[in-house]
Amino acid sequence: MNEFQEGFPREEKVNIFPISIDEKDGNIESRVVWMTPLIMKRLELLNRETMTVKDERSAGVYAIGIYEFLKISGVENKLSRADLSVIIAAGFLTDIGKTGPRNALPEVSLLITEMHAIDSNVNPGMKIGDFLRDYIGGDYEKQKILLATAGVDAEKMIMRDFWDMHVFWTAGIIADCPAPAEVKIGALAHHILEGNRPKGINKDGSVNIFGTKRGLEQTEILVMLLDKYDAQRRRAGRDHKEAVKWIRRYVENNKNFDALKPAVQKIIKENIDIIDEALCTA
Numbered sequence: 000m001n002e003f004q005e006g007f008p009r010e011e012k013v014n015i016f017p018i019s020i021d022e023k024d025g026n027i028e029s030r031v032v033w034m035t036p037l038i039m040k041r042l043e044l045l046n047r048e049t050m051t052v053k054d055e056r057s058a059g060v061y062a063i064g065i066y067e068f069l070k071i072s073g074v075e076n077k078l079s080r081a082d083l084s085v086i087i088a089a090g091f092l093t094d095i096g097k098t099g100p101r102n103a104l105p106e107v108s109l110l111i112t113e114m115h116a117i118d119s120n121v122n123p124g125m126k127i128g129d130f131l132r133d134y135i136g137g138d139y140e141k142q143k144i145l146l147a148t149a150g151v152d153a154e155k156m157i158m159r160d161f162w163d164m165h166v167f168w169t170a171g172i173i174a175d176c177p178a179p180a181e182v183k184i185g186a187l188a189h190h191i192l193e194g195n196r197p198k199g200i201n202k203d204g205s206v207n208i209f210g211t212k213r214g215l216e217q218t219e220i221l222v223m224l225l226d227k228y229d230a231q232r233r234r235a236g237r238d239h240k241e242a243v244k245w246i247r248r249y250v251e252n253n254k255n256f257d258a259l260k261p262a263v264q265k266i267i268k269e270n271i272d273i274i275d276e277a278l279c280t281a
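What follows is the structure, encoded as structure tokens:
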């Protein structure tokens with residue numbers, strides 16, 4: 000077990016967020032400070048009702064594996080300890096919006112979280128109303144009213160519309176948290192290949208948000224790729240080889256990838272290769 004895994008939270012720990020990879024690195028306090036009460040409350044809800052936090056832990060462990068691989072490999076673009084911290088922290092914020100918008104009432108937040116908990120074998124084209132009746136049950140009329148307060152029309156919208164909203168809800172939740180810009184950018188850019196881009200995350204892979212103006216970098220790209228990799232491993236049940244093959248195929252046939260600047264495309268392709276090599280025994 001390496002130095003990072005020793006500091007990585009285990010399932011049984013009360014604290015669900017990896018505030019420290021290595022408790023001796025002196026950054027514990029700063030990491031705790033930017034975990035706002037709202038973010039902690041929403042993470043606790045996700046942890047209680049869904050597999051999301053477990054998935055984000057898994058992505059963090061994968062990031063550690065990549066860090067260790069790059070330390071001993073001949074690849075030039077190695078990750079620093081700070082880079083690793085950014086990837087793990089951003090990963091834990093990517094899906095915070097699966098609890099609903101920032102100002103959601105507790106009942107609304109709980110319902111939206113419960114809906115996200117059912118994350119496999121759901122037809123993306125299914126009407127939200129049908130989903131509620133088939134998968135959630137309970138008082139549909141009340142659920143419809145609750146969702147309407149979050150801008151969700153259960154009668155007209157389909158599940159793909161609903162799922163796509165979480166990135167924008169994440170943007171609202173983390174907008175004013177004092178996390179480093181690269182952490183928040185990593186969280187908000189993780190669905191750029193799906194075309195889901197909050198304001199400031201541009202179609203070509205450039206960013207102009209949180210006082211930062213540049214292209215997406217390796218840390219942010221890895222947040223995105225590890226999110227997809229973990230989804231393929233856990234939700235789709237694919238092994239490493241199949242998961243990487245799926246990611247490559249997804250990128251190759253993606254109009255949103257084609258719209259990215261060549262430099263960003265290059266980073267994505269390079270890091271798919273890194274994931275392939277680094278995690279082949281995962």
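Counting in numbering that gives the first Met the number 0, the sequence shown runs from 0 upward without gaps.
Where is the CB? At the ideal position from N, CA and C, for every residue including glycine.
If you count every other CB in all the chains shown that lies within 10 Å of the CB of Leu104, and 16 or more means buried, which is it? Here the question's residue 104 lines up with position 105 in the sequence shown. By the 16-neighbour rule on beta-carbons within 10 angstroms, Leu104 is exposed.
Count the other CB atoms within 10 Å of the CB of Asp133; is the residue buried (16 or more) or exposed (fewer)? Numbered from 1 along the sequence shown, position 134 holds the residue referred to as residue 133. With fewer than 16 other Cβ atoms within 10 Å, it is exposed.
Report back the beta-carbon spacing between Ile172 and Arg80 to the nearest angstrom; my notes put them in contact at under 8 Å. For this step, residue 172 is matched to residue 173 along the sequence shown. For this step, residue 80 is matched to residue 81 along the sequence shown. Ile172 to Arg80, Cβ: 27 Å. No contact.
Any idea which residues DSSP pairs Thr148 with across the strands? Reading the sequence shown from its first residue, position 149 is the one you call residue 148. Thr148 pairs with nothing; no bridge assigned.
Taking buried to mean at least 16 other C-beta atoms within 10 Å of its own C-beta, is Lys265 buried or exposed? As a first step, residue 265 is located in the sequence shown; it is residue number 266 there, counting from the start. So Lys265 counts as exposed.
Just the Cα atoms here: how many angstroms apart are Lys198 and Gly128? Here the question's residue 198 lines up with position 199 in the sequence shown. Here the question's residue 128 lines up with position 129 in the sequence shown. The alpha-carbon atoms of Lys198 and Gly128 are separated by roughly 29 Å.
Among the candidates Tyr228, Leu44, Ile184, whose CA atom is the shortest distance from the CA of Ala116? Locating residue 116 in the sequence shown gives position 117, where the first residue counts as 1. Answer by Cα proximity: Leu44.
Simplified DSSP assignment, three categories, for Gly214: On the sequence shown, position 215 is the one that residue 214 refers to. If DSSP states are grouped into helix, strand and coil, Gly214 belongs with the strands.
Can you give me the Cβ contacts of Arg237 inside the same chain, cut-off strictly under 6 Å, excluding the 5 residues immediately before and after it? As a working note, residue 237 is residue 238 in the sequence shown. So the list reads Gln231, once near-sequence residues are dropped.
Tell me Val206's beta-bridge partners as DSSP assigns them. Here residue 206 refers to the residue found at position 207 when the sequence shown is read from its first residue. BP columns for Val206 point to Ile200, Arg213.
With DSSP as the reference, label Ile157 as helix, strand or coil. Within the sequence shown, numbered from 1, the residue matching residue 157 stands at position 158. Ile157 sits in a strand when the DSSP states are folded into three classes.
Give, in chain order, every unbroken run of the beta strand (DSSP E) that is at least 3 residues long and sits entirely within the stretch 93–120. none
Whose C-beta lies closer than 6 Å to the C-beta of Val222 among residues of the same chain, with five residues either side of it excluded? Taking the sequence shown and counting its residues from 1, the one referred to as residue 222 is at position 223. Taken in chain order, the residues that qualify are Ile86, Ala89, Gly90, Gly185, His189.
Which residues mark the beginning and the end of the alpha helix (DSSP H) in which Gly185 is found? Along the sequence shown, read from residue 1 onward, the residue named residue 185 stands at position 186. That run of the alpha helix (DSSP H) goes 180–187.
Please give the ranges of any alpha helix (DSSP H) in the stretch 54–98, keeping only runs that are unbroken, at least 4 residues long and fully inside the region. 80–92
Contact under 8 Å by Cβ, Gly204 with Val263: Locating residue 204 in the sequence shown gives position 205, where the first residue counts as 1. Locating residue 263 in the sequence shown gives position 264, where the first residue counts as 1. Yes, they are a contact pair.
Collapsed DSSP secondary structure at Lys265 in the structure displayed: Within the sequence shown, the letter at position 266 stands for residue 265. It is helical.
Within the chosen definition, does the stretch 135–149 reach the stretch 95–114 through at least 3 CB pairs nearer than 8 Å? yes
Nearest-angstrom Cα distance between Glu55 and Gly64? Stepping through the sequence shown from its first residue, residue 55 is reached at position 56. Stepping through the sequence shown from its first residue, residue 64 is reached at position 65. The alpha-carbon atoms of Glu55 and Gly64 are separated by roughly 14 Å.
Kindly indicate which three-state DSSP category Lys260 falls into: helix, strand or coil? Within the sequence shown, numbered from 1, the residue matching residue 260 stands at position 261. Here DSSP, grouped into helix, strand and coil, assigns Lys260 to coil.
Contact set for Ala258: own chain, Cβ-Cβ below 7 Å, skip 5 residues either direction: As a position in the sequence shown, residue 258 is number 259, starting the count at 1. Excluding positions up to five away in sequence, the list reads Lys202, Asp203.
Whose C-beta lies closer than 7 Å to the C-beta of Asn270 among residues of the same chain, with five residues either side of it excluded? In the sequence shown, the residue the question calls residue 270 occupies position 271. Hits under 7 Å: Gln217, Ile220, Leu221, Leu224.
By the DSSP assignment, the alpha helix (DSSP H) with Lys244 in it spans what residues? Residue numbering aside, residue 244 sits at position 245 when the sequence shown is read from its first letter. Residues 239–251.
Let me check one thing: in DSSP terms, what residues is Lys126 bridge-paired to? Position 127 of the sequence shown, counted from the start, is the residue given in the question as residue 126. Answer is Ile157.
So, Leu192 versus Leu146, is the Cβ gap smaller than 8 Å? Working through the sequence shown from its first residue, we reach residue 192 at position 193. Working through the sequence shown from its first residue, we reach residue 146 at position 147. No, the pair does not count as a contact, with Cβ atoms beyond the cut-off.
Going along the chain, which residues of its own chain have a beta-carbon closer than 6 Å to the beta-carbon of Lys227, five neighbours each way excluded? For the purposes of this step, residue 227 is taken as the residue at position 228 of the sequence shown. Closer than 6 Å at Cβ, skipping near neighbours: Ile246.
Taking its Cβ as the centre, do 16 or more other Cβ atoms sit within 10 Å of Pro100, making it buried, or is it exposed? Numbered from 1 along the sequence shown, position 101 holds the residue referred to as residue 100. Counting Cβ neighbours within 10 Å, Pro100 comes out buried, since at least 16 surround it.
Output yes or no for whether 8 Å exceeds the beta carbon distance between Thr93 and Thr35. Position 94 of the sequence shown holds residue 93. Position 36 of the sequence shown holds residue 35. No.
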